[in-house]
Structures are given as structure tokens and as C-alpha cells.
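J.: Have a look at this one.
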Amino acid sequence: MYEQKHRHLHYIWYRKQMKEQLPELLDKWQQVIGVQIDSFGIKRMKTRWGTCNPTARRVWLNLELIKKPIHCLEYIIVHELMHLLEKHHNDRFKALMDQYLPLWRQYREELNRQPLCGDE
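Just so it is clear: in the sequence shown, position 81 is 81 by full-length UniProt numbering, and no numbers are missing.
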């Protein structure tokens, strides 16, 4: 019982932290890239760091990103925003990533070495 309550409190705290950070980071990168989303959401995901629905102009970000270095969160934000310009992970997508976030491959490797879902 205590452990479940403890996890729930951690979840609430992490979610609050992420909700406070995301608007500024999303605004920053939307201006840099020149795109605009209509909405974003935060949720726990077991297999992805983020997703983008270009038609709905909505981005979902994995709550676990708040536990990672800020550059990893920014990498996922940029990655998902790129899908508004290029749907697929093709050469154009990679060139756009290179243009806006030259160290993206390094950040991707760093994230991929870490678990997607935490125990808390």
C-alpha cells in the first residue's frame, strides 16, 4: 500500500515538473523550426519516447523524459516536431535533424542506452 502511494506521488511530482518545463521548450523549438502544434500531452509509454500526429498537430511525450538530461528531452521534442515537416525517417528527415540539432545522433544513443520505463 505504502509503495503504491509512493509511486503515485512520484508520478504526480514528475508530471508537474514536466508540465512546467514543456511549454517553454516547445515554444522555443517551434519558433526555431518554424512549425506549430495545436496540443501536446504527457503519458507513460513503454516503447516510445514520443509520438507525433502530424494531421492533428499533436505531440505526445513520455513522462520518463523528465528523468533524463534536458538535451535528451529537447532531442525528442525536435524529433517529433520534425514530423510536421517530414512524416518518415528518411534522408530528408535526417538532414532536417542535422540542420536543427547537429548532435541528435549522440542524444539518441544516450537515450537508447537507458530504459524507457522506470520503476517509480
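Cβ coordinates follow ideal geometry from the N, Cα and C atoms, glycine included.
Being a predicted model, the structure only gives us computed values, none of them experimental.
Quick one: what's Lys67 bridged to in DSSP?
T.: In the DSSP output, where bridge partners are listed per residue, Lys67 has none listed.
J.: Which residue's Cα is closest to the Cα of Val78: Pro115, Lys46, Ala56, Ile37?
T.: Out of Pro115, Lys46, Ala56, Ile37, Ile37 has the C-alpha closest to the C-alpha of Val78.
J.: Does the distance from the CB of Leu84 to the CB of Val35 come in under 9 Å?
T.: Cβ distance < 9 Å, so Leu84 and Val35 count as in contact.
J.: What separation, rounded to the nearest whole angstrom, lies between the Cα atoms of Lys67 and Lys87?
T.: Spanning the two alpha carbons is a distance of roughly 27 Å.
J.: By Cβ distance, which residues of its chain are closer than 6 Å to Gln106, with the 5 residues on each side in sequence left out?
T.: No residues qualify anywhere along the chain.
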